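J.: Residue numbers (our numbering), protein chains in the order written: chain A, 46 to 743; chain B, 3 to 332.
#1: Please classify residue 448 of chain A: is it buried, with 16 or more other beta-carbons within 10 angstroms of its beta-carbon, or exposed?
#2: Around the C-beta of residue 459 of chain A, are 16 or more other C-beta atoms found within 10 angstroms, so that it is buried, or is it exposed?
#3: Among A/584, A/510, A/475, which has the Cα closest to the Cα of residue 525 of chain A?
#4: In three-state terms, what does DSSP make of residue 438 of chain A?
#5: Going along chain A, which residues have a C-beta under 7 Å from residue 4 of chain B?
#6: Measuring alpha carbon to alpha carbon, tell me which of A/549, A/682, A/262 ends up nearest residue 287 of chain A.
#7: Determine the chain A residues that contact residue 141 of chain B at a beta-carbon separation under 8 Å, and present them in chain order.
#8: Nearest-angstrom Cα distance between residue 37 of chain A and residue 126 of chain B?
#9: Going along chain B in order, which residues have a C-beta closer than 8 Å to the C-beta of residue 13 of chain A?
#10: Using a Cβ cut-off of 9 Å, pull out every chain A residue sitting near residue 148 of chain B, in sequence order please.
#11: Here's the rule: buried if 16 or more other CB atoms are within 10 angstroms of the residue's CB, otherwise exposed. What is residue 325 of chain A?
#12: Would you identify the three-state DSSP class for residue 345 of chain A, choosing helix, strand or coil?
#13: Between the stretch 363 to 382 of chain A and the stretch 408 to 417 of chain A, are three or more C-beta pairs nearer than 8 Å?
#14: Do residue 708 of chain A and residue 323 of chain A have their C-beta atoms within less than 7 Å of each other?
#15: Checking contacts by CB at 7 Å: is residue 106 of chain B closer than that to chain A?
#16: Report all residues from its chain with a CB closer than 6 Å to the CB of residue 220 of chain A; omit the five preceding and five following residues, and keep chain order.
#17: When you compare the CB of residue 8 of chain B with every CB in chain A, is at least one pair closer than 7 Å?
#18: Does residue 161 of chain B have its Cβ less than 7 Å from a Cβ in chain A?
#19: Would you mind sorting residue 297 of chain A into buried or exposed? The rule is 16 or more other CB atoms within 10 Å of its CB.
#20: Return the CA-CA distance between residue 680 of chain A and residue 437 of chain A, expressed in angstroms with no decimal places.
#21: Check each candidate in B/121, B/303, B/243, B/10 and name the one with the smallest Cα separation from residue 157 of chain B.
#22: What does the Cβ neighbour count give for residue 20 of chain B, buried or exposed, with the cut at 16 atoms within 10 Å?
#23: State yes or no: is the C-beta of residue 259 of chain B within less than 7 Å of the C-beta of residue 274 of chain B?
#24: To which residues does DSSP link residue 232 of chain B through a beta bridge?
#25: Does DSSP classify residue 654 of chain A as helix, strand or coil?
#26: What is the DSSP secondary structure of residue 191 of chain B, reduced to helix, strand or coil?
#27: Across which residues does DSSP place residue 177 of chain B in a beta bridge pair?
#28: Verify whether the separation of the beta carbon atoms of residue 279 of chain A and residue 261 of chain A is less than 7 Å.
#29: Can you list the residues of chain A that residue 259 of chain B reaches, using a CB-CB cut of under 7 Å?
#30: Inspect the CB distances between the stretch 351 to 364 of chain A and the stretch 181 to 193 of chain A and report whether three or more fall short of 8 Å.
#31: Determine which residues of the stretch 505 to 523 of chain A have a Cβ less than 9 Å from any Cβ of chain B, and write them out in chain order.
#32: Under 7 Å between C-beta atoms, does residue 128 of chain B make it to chain A?
#33: How is the beta strand (DSSP E) around residue 328 of chain A delimited, first residue to last?
#34: Taking only beta-carbon atoms, is residue 149 of chain A less than 7 Å away from chain B?
#35: Grab me the residues of residue 728 of chain A's own chain with a C-beta within less than 6 Å of its C-beta, minus the 5 sequence neighbours each way, in chain order.
#36: Taking residue 238 of chain B as the query, report the chain A residues whose CB atoms sit under 9 Å from its CB, ordered along the chain.
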């Protein structure tokens, strides 16, 4: 007989394929729009076709006369909702049209095709008002927001930035811009709602079933226990499914009115106006340094847009609060409310656009100072978090650069721009740093020892394609000190209780914390001789107090991005030839899925650098290229070999030792590419994406 | 629901009979464009006559060394055909530069020629569009037009033709064979598309009920050294923002034969006749190539956001001709 040692954590660190992988590739895993339901009806949204004004009249007679049509909901007859703190969900409540695409009616019919045909027969007349949809930093309506997403300070000031800039040996003063970018997950948003046994039962595509439950309960004035939201498999979100979106509200409305199951699935086109996107930004960055490249001043002022429905201010300038030691540091935000859809979270909100500006400016500084960009960053490593003075829990940015530079072959790089050629292509290399906060929030979980010797974990986590289910199983197995095969993790069910949503790179740490606590409590009970009754023995954990008691440290992941590009000045084409990303992300639970997240983030950063841009028509207020033929995301042919790895980054502030890695891969990637384009051509690209026309005219 | 009839034709005469005089009926080839437009509500045919299984999928060598490409040959088959690749490389390269492998497997030769513009206002029924609904206006002119026409456009319409294939064909004097109700007809591809003028909704010279049966590439020795290059905003699965098909023959330092066609610049594949005229008989070299490009682009009427196409096309013409001039075996 062999005795298991007291602690044999073996599952964490294993490169496991996804537990549900076979179900997904064989089509057995059901996504939200795929669940059968007896008597299912289909809702089709009628979107507003003005950018601002009021609905004067809705003629629904022709639609109602069509076969299969069950109801047309509009502001005159829809159930009244209670504000749940998100006005984008208050659909069909009044006649106001705040932007193009806002739902003005929902047609429900027995088939999706009937609903759509009827929706096209609904005649809406509007009282149109002059609209204002064009974002610019010079917009007269620009104002200082009370806070930036989610609840961070709008501005921070340390020292006298203007005086430091005036006294600096070298100054970079440049303005950068990033466009509207849309999350564009593969799976469109879909929700199916029905009433059963006095509960509102909802199957929804989201990143957090518990948050959606809470919103629905408030909106429909229901006891939260009377709402049940499930989201077992989710086909991507990138933030666009972070909280409830209008489709789930409309499905619940229609199910309530009709007292039958109703499904509302968005079209790709509708996603461009109803589920959020990354705001365009304009960012002025001023950097002052002494001749040796040591920063004396860093000033980052970011402009972005929000809607008139809900204020959302992207935290674009927070990047500089963490990154570099500068004698004087100022970060600030401005926002303008326009007649446009509400911008929301998109992978690394704040850090993704903010890092493009700051890391580009640092490259410009390196050029002016004649210092290698890697060395410049090393010279400006802070001892504590610059804006707050908080100690770092761990900061291994230098290690990332050292290892990244070694793998990339950075040493001996000729800093001169525009001197390397391969046929018609000019070649260049670039680098940039990356950071993303490693936060943790309270969550609850249960761990159950089953009578058959297996263990069941229940947590309202969400696996949006990241591999969360698999990673949590690994964490649970180790905490229980049992083999993986004996652990089953159930997620995506709001009945499992409050938990962090899948966003902000918060999932694995927050969920893993609660799971670890629950599993340890159960292990203690079992080790203490507790017997397992026929219906199982359950331990429950709520990490609220533990999270509250965590030390006030600056806890971040870091990374070093490297890119090589080829630029054809005669055609404007830019091709990325290779990328290397080395990251410090705490403990890595599953190297296989972790690598996928980082490669995916860097790929999205490449896409941000070269391709992604939603174009708003100023006359209509609509995104013109509102489908995946017009809104270009990188194709396989655009994506070169991407080498990803991580350095040792021990950081055991939380039990999992993880820092989250869903977002950091996109941070800095666009700057590394833009810096490489400068190195290739000698032309700075301060506006994304780096399109052929911009290269041609540079 | 929007219902429509569906018939499958088994021979050319049958297809024409099935379509009859119904102005709201359409032939259906691979459906890669028409079906999309039906989903978007841009097209609402009452009836589809499926011609994809007509016995017109062959690709055969003609006695003059040319080729006949049947109208239902798939784009993939065209690109892979040894005689297309060897004798008309620009055509094979152009086909491969378009769409995706999956789309090329079903898209037909005839359908490729008849595909509609991807102007975002044309494909969105909530917007005005003179091509879709004559007289409603053109929002692209002041709106989003970064990939619109710089040549041969009109006040009514600045949309471009999206085909790569057609650019290769028009450079090499391809002709379209057509069956109309009163018999067969052969139309040079260069004359197949109508000028935009004030009737952007009328795109080709095809009569009512006409069916494309094939494409004839004449046996031009120069075609074997033709090339196609496409510039787009991502490396795959995007329409051109500028493309060129060209072939060049030089004798004793003088251009003795030249063919140039441009894509993504006009409502049709644009045969660069002005450039060809400048080059013919000129001493080969960068100066002549630049003069030729300037001659062709002198007529360009760029708008606010597509002015980059003028230097882009100039560079493409000069680069392509330079490469052809330097290529072995010219």
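Backbone N, C-alpha and C define an ideal beta-carbon position, used for all residues, glycine too. Every value quoted in this text rests on a predicted model; they were computed, and no experiment measured them.
T.: Considering the structure as presented:
#1: To locate residue 448 of chain A, count along the first chain from 1; it is residue 403. With 16 or more Cβ atoms within 10 Å of its Cβ, residue 448 of chain A is classed as buried.
#2: The residue labelled residue 459 of chain A in the question sits at position 414 within the first chain. Residue burial annotation: residue 459 of chain A is exposed, with fewer than 16 other C-beta atoms found within 10 angstroms of its C-beta.
#3: Counting from one through the first chain, the residue named residue 525 of chain A turns up at place 480. For the residues A/584, A/510, A/475, the minimum Cα distance to residue 525 of chain A belongs to A/584.
#4: Stepping through the first chain from its first residue, residue 438 of chain A is reached at position 393. Residue 438 of chain A: strand per DSSP, three-state reduction.
#5: Here residue 4 of chain B is taken as the residue at index 2 of the second chain, counted from 1. Residue 4 of chain B reaches chain A at 162, counting residues in chain order whose Cβ is nearer than 7 Å.
#6: Walking along the first chain from the start, residue 287 of chain A turns up at place 242. Residue 287 of chain A has its Cα closest to that of A/549, out of A/549, A/682, A/262.
#7: Within the second chain, the letter at position 139 stands for residue 141 of chain B. Here the neighbours are 662, 664, 665.
#8: Because chain A in this structure spans residues 46 to 743, residue 37 of chain A falls outside the shown range and cannot be described.
#9: Nothing in the structure corresponds to residue 13 of chain A, since chain A is present only between 46 and 743.
#10: The residue given as residue 148 of chain B occupies position 146 in the second chain. Under the 9 Å cutoff, chain A gives 660, 736, 738.
#11: As a first step, residue 325 of chain A must be located in the first chain, where it is residue number 280. That one is buried.
#12: Counting from 1 along the first chain, the entry for residue 345 of chain A is found at position 300. Here residue 345 of chain A sits in strand by DSSP.
#13: no
#14: Sequence index remark: in the first chain, residue 708 of chain A carries index 663 (1-based). Sequence index remark: in the first chain, residue 323 of chain A carries index 278 (1-based). Against a cut-off of 7 Å, the Cβ pair of residue 323 of chain A and residue 708 of chain A comes out as no contact.
#15: Residue numbering aside, residue 106 of chain B sits at position 104 when the second chain is read from its first letter. It does not; no Cβ of chain A falls within 7 Å.
#16: As a position in the first chain, residue 220 of chain A is number 175, starting the count at 1. Cβ neighbours of residue 220 of chain A beyond the five flanking positions: 329.
#17: Here residue 8 of chain B refers to the residue found at position 6 of the second chain. False, the Cβ-Cβ gap to chain A never drops below 7 Å.
#18: On the second chain, position 159 is the one that residue 161 of chain B refers to. At a cut-off of 7 Å between beta-carbon atoms, residue 161 of chain B makes no contact with chain A.
#19: Position 252 of the first chain, counted from the first residue, corresponds to residue 297 of chain A. Answer is buried; the Cβ neighbour count reaches 16.
#20: Position 635 of the first chain, counted from the first residue, corresponds to residue 680 of chain A. Position 392 of the first chain, counted from the first residue, corresponds to residue 437 of chain A. So the two alpha carbons sit approximately 38 Å from each other.
#21: By one-based count along the second chain, residue 157 of chain B stands at place 155. Cα-wise, what sits closest to residue 157 of chain B is B/303.
#22: Position 18 of the second chain holds residue 20 of chain B. Under this definition residue 20 of chain B is a buried residue.
#23: Indexing the second chain from 1 puts residue 259 of chain B at position 257. Indexing the second chain from 1 puts residue 274 of chain B at position 272. No, these two residues do not count as a Cβ contact at 7 Å.
#24: Indexing the second chain from 1 puts residue 232 of chain B at position 230. Per DSSP, B/245.
#25: For the purposes of this step, residue 654 of chain A is taken as residue 609 along the first chain, with counting starting at 1. Annotated three-state conformation of residue 654 of chain A is helix, per DSSP.
#26: One-based indexing of the second chain puts residue 191 of chain B at position 189. It is helical.
#27: Taking the second chain and counting its residues from 1, one reaches residue 177 of chain B at position 175. In the DSSP output, where bridge partners are listed per residue, residue 177 of chain B has B/190, B/218.
#28: Stepping through the first chain from its first residue, residue 279 of chain A is reached at position 234. Stepping through the first chain from its first residue, residue 261 of chain A is reached at position 216. Going by C-beta atoms, residue 279 of chain A is not nearer than 7 Å to residue 261 of chain A.
#29: For the purposes of this step, residue 259 of chain B is taken as the residue at position 257 of the second chain. Chain order gives no chain A residues near residue 259 of chain B, where near means a beta carbon separation below 7 Å; the closest approach is about 25 Å.
#30: Result yes; three or more Cβ-Cβ pairs closer than 8 Å.
#31: Within the stretch 505 to 523 of chain A, no residue has its Cβ closer than 9 Å to any Cβ of chain B.
#32: Counting from 1 along the second chain, the entry for residue 128 of chain B is found at position 126. It does: the Cβ of residue 128 of chain B has a partner Cβ on chain A nearer than 7 Å.
#33: Residue numbering aside, residue 328 of chain A sits at position 283 when the first chain is read from its first letter. Where residue 328 of chain A is concerned, the enclosing beta strand (DSSP E) stretches over 326 to 334.
#34: Along the first chain, one-based indexing puts residue 149 of chain A at 104. For residue 149 of chain A, the answer is no, since every Cβ of chain B falls outside 7 Å of its Cβ.
#35: The sequence position of residue 728 of chain A within the first chain is 683, counting from 1. The answer, listed in chain order, is 743.
#36: For this step, residue 238 of chain B is matched to residue 236 along the second chain. Within 9 Å Cβ-Cβ: 680, 681, 682, 683.
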